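If you're matching them up, the sequences are chains Z and G in order. Using my numbering, read the first sequence as starting at 2 and increasing by one per residue. Using my numbering, read the second sequence as starting at 218 and increasing by one per residue. The beta carbon of each residue, even a glycine, is placed where N, CA and C say it ideally should be. Just so we're clear, the structure is a prediction, and the values are computed from it rather than from any experiment. These notes are about the structure you will find just below.
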Amino acid sequence: MTRFGRGRLRRILLGAIPFLVLGTLWQMNAVYRWLAPIHMPPPAAVWSAIFTLQEGCPGLLDALRQGSGCLLTNHILSSMGRVALSLLVGLPLGIAFGVLAGIHRRLGNALEPVGVFANAISGIAWVPLAIVWFGVGWRTTLFILLNTVFWLVFFNTLLGVRGVPRVYEHGVLALGATRWKVITQVYVPGALPSIVTGIRMSMGFGWRALIAAEMIGGDRGLGFMLFVSAQEYKTEEVFLGVLVIAVIWMLTDRACLVPLERWTIERWGLVWRPS
Amino acid sequence: MYDGEFAAVVGPSGCGKTTLLNILAGLLPYRHGTVQVDGVPVKGPGSDRGVVFQEHAILPWRTVARNIGHGLELQGVPRQERRRRVREFVELVGLAGFEERYPHELSGGMKQRVALARTLCANPVIMLMDEPFAAVDAQTRITLQEELNRIAIATRKTILLVTHNVDEAAFLGDRCFVFTRRPGRLKATVTIHIPRDRRIWKEVVADPAFTARRDEILELVRAEVRVE
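Here's what the structure looks like:
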């Protein structure tokens, strides 16, 4: 193994220690009963909650088709599907407006304060109003997500485009580029590291906001599952939900977003600063 | 300017040399007078006037080859033809073997060679150069000046170079336009009659035809700086 690989492995192992300690304490509680199972269900109960929730699910294919018995996977797919949908809509919109505001000085100056304003409000703060507007259901959760994704991507794109040196534009104009080519070949690639950072941030904030929105204003999804399970005192399902939320986020961030961010920044020859 | 001429604009800092070049490039609007290329008035930037900037204006996310071929790409030249012409200019500026590198992997002098090749590869009518060697070290600058001279011979391009470096102007220019201090006006035109193929630093420093002209320009420029 290379030196780099060994260092990386050591870091991962070091980072796993707190989890192992917590896990051990958790298992010890199951044996010694310091806390009642209703407050702190044993790991085995949380594990078996997966199968209880998936009881009516005939197989993997049905789970993917969101069959009626597959409760856990349905909630997961519902939450993740909304994230994907909000990205699909919010990303192009955020990038388009961000680029426009970035290259048009007046428009940029007009829209920048709104961007700061919108980003100052956490996604959850919109939930009560969203319920008034859209009622309980998918519209509310989607609105919360879209709101988070759009403003963060918009703002980061705007800053990214502004940070592109003017001399790049001048150089490409002198090669005979049209305004459109300047946008697609100078401003968008130049702002890409910043756009990717915006995507990563919006996913982080969006995921948190979504869970909260599903709890209060949703009728499905992991947040909704947490809320309903807690009301029915199924603590093991609440534990399971919390763990699933965290694991999904860690996997998305570490396996997709961080490498994507690192790749764009390194390729651009900018210094990668570990966050 | 004549066809195939190498003109150098010299003057004290802040006299508007760069502004003049940006107006010629069409990147800045002008209030009075006219700018024409082959009788056609300039209305904005265009591929007939290539520009090599002071800073490294090449795009950091494009490889050397894709930066050099950018102008042809914008003109819609087919890939095969593009590849052939890019190879030609990569070799002209001595960057063979570096085609797939990114700018951040290159030295300052190499980046400026890429910028030069990028401009030439788009085949402009005239090449405008704004202090192209200001950011590189003295040794590299001398090498690049001799290379630019070689390239001027090989391509027979019309070139306008803006510089505050009197040696550079005298070494490269057929005619040197000396500007006054701000607001910059044309003060004098110095013609230098040294054949291109004899413009090598080792030779010209011993050539009175060069040193006399250079000292003449130097005096003209220093007179402007002194008044301040």
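Would you list, in chain order, the members of the region 276-297 of chain G that have their beta-carbon closer than 7 Å to a beta-carbon of chain Z? Look at the region 276-297 of chain G: the residues with a C-beta under 7 Å from a C-beta of chain Z are LEU276, PRO277, TRP278, HIS287, GLY288, LEU291 and GLN292.
Is the CB of G/ALA242 under 8 Å away from at least one CB in chain Z? Sequence index remark: in the second sequence, residue 242 of chain G carries index 25 (1-based). At a cut-off of 8 Å, the C-beta of G/ALA242 has a neighbouring C-beta in chain Z.
Comparing C-alpha positions only, which one of G/CYS232, G/MET218 and G/GLN271 sits nearest to Z/HIS171? By 1-based counting over the first sequence, the position of residue 171 of chain Z is 170. Comparing alpha carbon positions, the residue from G/CYS232, G/MET218 and G/GLN271 closest to Z/HIS171 is G/GLN271.
On the DSSP letters alone, give me the boundaries of the alpha helix (DSSP H) that Z/THR179 sits inside. Here residue 179 of chain Z is taken as the residue at index 178 of the first sequence, counted from 1. Note, Z/THR179: premise wrong, no alpha helix (DSSP H); not H, not E.
Who are the Cβ neighbours of Z/TRP269 in its own chain at under 8 Å, not counting the five residues just before and after it? Counted from its first residue, the first sequence places residue 269 of chain Z at position 268. Excluding positions up to five away in sequence, the list reads LEU193 and PRO194.
Cβ shell of G/VAL221 (< 8 Å), same chain only, five flanking positions each side left out: Counted from its first residue, the second sequence places residue 221 of chain G at position 4. Going by the sequence as given, residue 221 of chain G is Gly instead of Val. Excluding positions up to five away in sequence, the list reads ARG373, LYS374 and THR375.
Under 8 Å, Cβ to Cβ, is there at least one residue of chain Z near G/PHE270? In the second sequence, counting from the first residue as 1, residue 270 of chain G sits at position 53. Answer yes: the Cβ-Cβ gap between G/PHE270 and chain Z drops below 8 Å somewhere.
Am I right that Z/ILE125 and Z/ALA210 are in contact with their C-beta atoms under 8 Å? What's the rounded C-beta distance? Sequence index remark: in the first sequence, residue 125 of chain Z carries index 124 (1-based). Sequence index remark: in the first sequence, residue 210 of chain Z carries index 209 (1-based). At roughly 6 Å, the Cβ-Cβ gap stays under 8 Å, so Z/ILE125 and Z/ALA210 are in contact.
Can you find at least 3 beta carbon pairs, one from the region 312-319 of chain G and one from the region 327-334 of chain G, that sit closer than 8 Å? Using a Cβ-Cβ distance cut-off of 8 Å, the region 312-319 of chain G and the region 327-334 of chain G are in contact, since at least three pairs of beta carbons, one from each stretch, lie closer than that value.
Please list the residues of the region 246-269 of chain G that have a C-beta atom closer than 9 Å to any C-beta atom in chain Z, keeping them in chain order. Residues are counted here when their Cβ sits less than 9 Å from a Cβ of chain Z; for the region 246-269 of chain G these are GLY261, PRO262, GLY263, SER264, ASP265, ARG266, GLY267, VAL268 and VAL269, given in chain order.
Contacts of Z/TRP269 in chain G (Cβ-Cβ under 7 Å): Translated into positions along the first sequence, residue 269 of chain Z becomes position 268. Correct list: PRO277 and TRP278.
If we ignore side chains and look at the alpha-carbon of each, how far apart do G/ARG296 and Z/THR185 end up? Residue 296 of chain G sits at position 79 when you count from the first residue of the second sequence. Residue 185 of chain Z sits at position 184 when you count from the first residue of the first sequence. Per the coordinates, the alpha-carbon of G/ARG296 lies some 20 Å from the alpha-carbon of Z/THR185.
Which of helix, strand or coil DSSP assigns to G/LEU378: Residue numbering aside, residue 378 of chain G sits at position 161 when the second sequence is read from its first letter. Here DSSP, grouped into helix, strand and coil, assigns G/LEU378 to strand.
Would you say G/ALA387 reaches chain Z, if we count a Cβ-Cβ gap shorter than 8 Å as a contact? Stepping through the second sequence from its first residue, residue 387 of chain G is reached at position 170. Cβ-Cβ to chain Z under 8 Å: no for G/ALA387.
Kindly list, in the order they appear in chain Z, the residues whose Cβ is closer than 9 Å to that of G/ALA355. Translated into positions along the second sequence, residue 355 of chain G becomes position 138. Simply none; closest approach about 23 Å.
If I follow the unbroken alpha helix (DSSP H) through G/ALA405, where does it start and stop? By 1-based counting over the second sequence, the position of residue 405 of chain G is 188. Per DSSP, G/ALA405 belongs to no alpha helix (DSSP H); it is in the beta strand (DSSP E), 403-408.
Buried or exposed for Z/MET2, please, with buried defined as at least 16 other CB atoms from any protein chain shown within 10 angstroms of its CB. Numbered from its first residue, the first sequence carries residue 2 of chain Z at position 1. In this prediction, Z/MET2 has a pLDDT of 44, which is less than 50 and means its spatial position is unreliable; what the coordinates show is noted afterwards. Answer is exposed; the Cβ neighbour count stays below 16.
Would you say G/ALA166 faces chain Z, with C-beta separation under 8 Å as the test? Examination of residue 166 of chain G is not possible in this model, given that chain G is present from 218 through 445 alone.
Helix, strand or coil for Z/VAL272, going by three-state DSSP, please let me know. Working through the first sequence from its first residue, we reach residue 272 of chain Z at position 271. In this prediction, Z/VAL272 has a pLDDT of 48, which is less than 50 and means its spatial position is unreliable; what the coordinates show is noted afterwards. Correct three-state label for Z/VAL272: coil.
Taking 8 Å as the CB-CB cut-off, is G/ALA274 touching chain Z? Sequence index remark: in the second sequence, residue 274 of chain G carries index 57 (1-based). Yes, because at least one Cβ of chain Z sits closer than 8 Å to the Cβ of G/ALA274.
Can you give me the Cβ contacts of Z/GLN67 inside the same chain, cut-off strictly under 7 Å, excluding the 5 residues immediately before and after it? Your numbering for residue 67 of chain Z matches position 66 in the first sequence. Here Z/GLN67 has ASN75 and LEU78 as same chain residues with Cβ atoms under 7 Å from its own Cβ, once five neighbours each way along the sequence are excluded.
Where does G/VAL421 fall in DSSP's three states? Walking along the second sequence from the start, residue 421 of chain G turns up at place 204. Residue state, collapsed to three classes: helix.
Z/SER276 to Z/ILE18 span [Cα, whole Å]: Translated into the one-based positions of the first sequence, residue 276 of chain Z becomes position 275. Translated into the one-based positions of the first sequence, residue 18 of chain Z becomes position 17. Residue placement at Z/SER276 cannot be trusted, given a pLDDT of 36 that sits under 50; what the coordinates show is reported in the next sentence. Whole-angstrom Cα-Cα distance: 21 Å.
Quick check on the DSSP output: the alpha helix (DSSP H) that includes G/VAL269 runs from which residue to which? Position 52 of the second sequence, counting from 1, holds the residue named residue 269 of chain G. G/VAL269: not part of any alpha helix (DSSP H); member of the beta strand (DSSP E) spanning 266-269, first to last residue.
Using a cut-off of 8 Å between C-beta atoms, extract the partners of Z/LEU176 located in chain G. The residue labelled residue 176 of chain Z in the question sits at position 175 within the first sequence. Those are SER264, GLY267, HIS287, GLY288, LEU291, ARG335, THR336 and ALA339, listed as they occur along chain G.
Interface partners of Z/LEU197 on chain G, CB under 7 Å: Taking the first sequence and counting its residues from 1, one reaches residue 197 of chain Z at position 196. It is Val, not Leu, that sits at residue 197 of chain Z in the sequence shown. Under the 7 Å cutoff, chain G gives no residues; its nearest Cβ is about 13 Å from Z/VAL197.
If we call anything under 8 Å between Cβ atoms a contact, is Z/LEU153 one with Z/LEU86? Numbered from its first residue, the first sequence carries residue 153 of chain Z at position 152. Numbered from its first residue, the first sequence carries residue 86 of chain Z at position 85. For the pair Z/LEU153 and Z/LEU86, the CB atoms are not nearer than the 8 Å cut-off.
Contacting positions in the region 27-38 of chain Z - beta carbon closer than 8 Å to chain G: Against chain G - using a Cβ distance shorter than 8 Å - the region 27-38 of chain Z contributes no residues.
Taking all protein chains shown into account, do 16 or more other C-beta atoms lie within 10 angstroms of the C-beta of G/SER230, making it buried, or fewer, making it exposed? Sequence index remark: in the second sequence, residue 230 of chain G carries index 13 (1-based). It counts as exposed.
Min CB distance Z/GLY103 to chain G below 8 Å: Position 102 of the first sequence, counted from the first residue, corresponds to residue 103 of chain Z. It does not: the Cβ of Z/GLY103 has no partner Cβ on chain G nearer than 8 Å.
Do G/PHE388 and G/VAL226 count as a contact pair if the criterion is CB distance below 8 Å? Residue mapping note: residue 226 of chain G aligns to position 9 of the second sequence, counting from 1. Residue mapping note: residue 388 of chain G aligns to position 171 of the second sequence, counting from 1. Not closer than 8 Å, so no.
Quick one: what does DSSP say Z/CYS58 is sitting in, helix, strand or coil? Within the first sequence, residue 58 of chain Z is the residue found at index 57, counting from 1. In this structure, Z/CYS58 counts as coil in the three-state DSSP scheme.
Cβ neighbour criterion (16 or more within 10 Å) applied to Z/ALA111: Translated into the one-based positions of the first sequence, residue 111 of chain Z becomes position 110. Result: exposed.
Three-state secondary structure assigned by DSSP to G/GLN292: Residue 292 of chain G sits at position 75 when you count from the first residue of the second sequence. Three-state result, G/GLN292: helix.
List the whole-angstrom C-beta distance separating G/LYS260 from G/VAL379, where the pair is believed to meet the contact cut-off of C-beta under 8 Å. Sequence index remark: in the second sequence, residue 260 of chain G carries index 43 (1-based). Sequence index remark: in the second sequence, residue 379 of chain G carries index 162 (1-based). At roughly 22 Å, the Cβ-Cβ gap does not stay under 8 Å, so G/LYS260 and G/VAL379 are not in contact.
Could you tell me which chain G residues have their CB closer than 7 Å to the CB of Z/VAL168, listed as they occur along the chain? Working through the first sequence from its first residue, we reach residue 168 of chain Z at position 167. In chain order: PHE270, GLU272 and ALA274.
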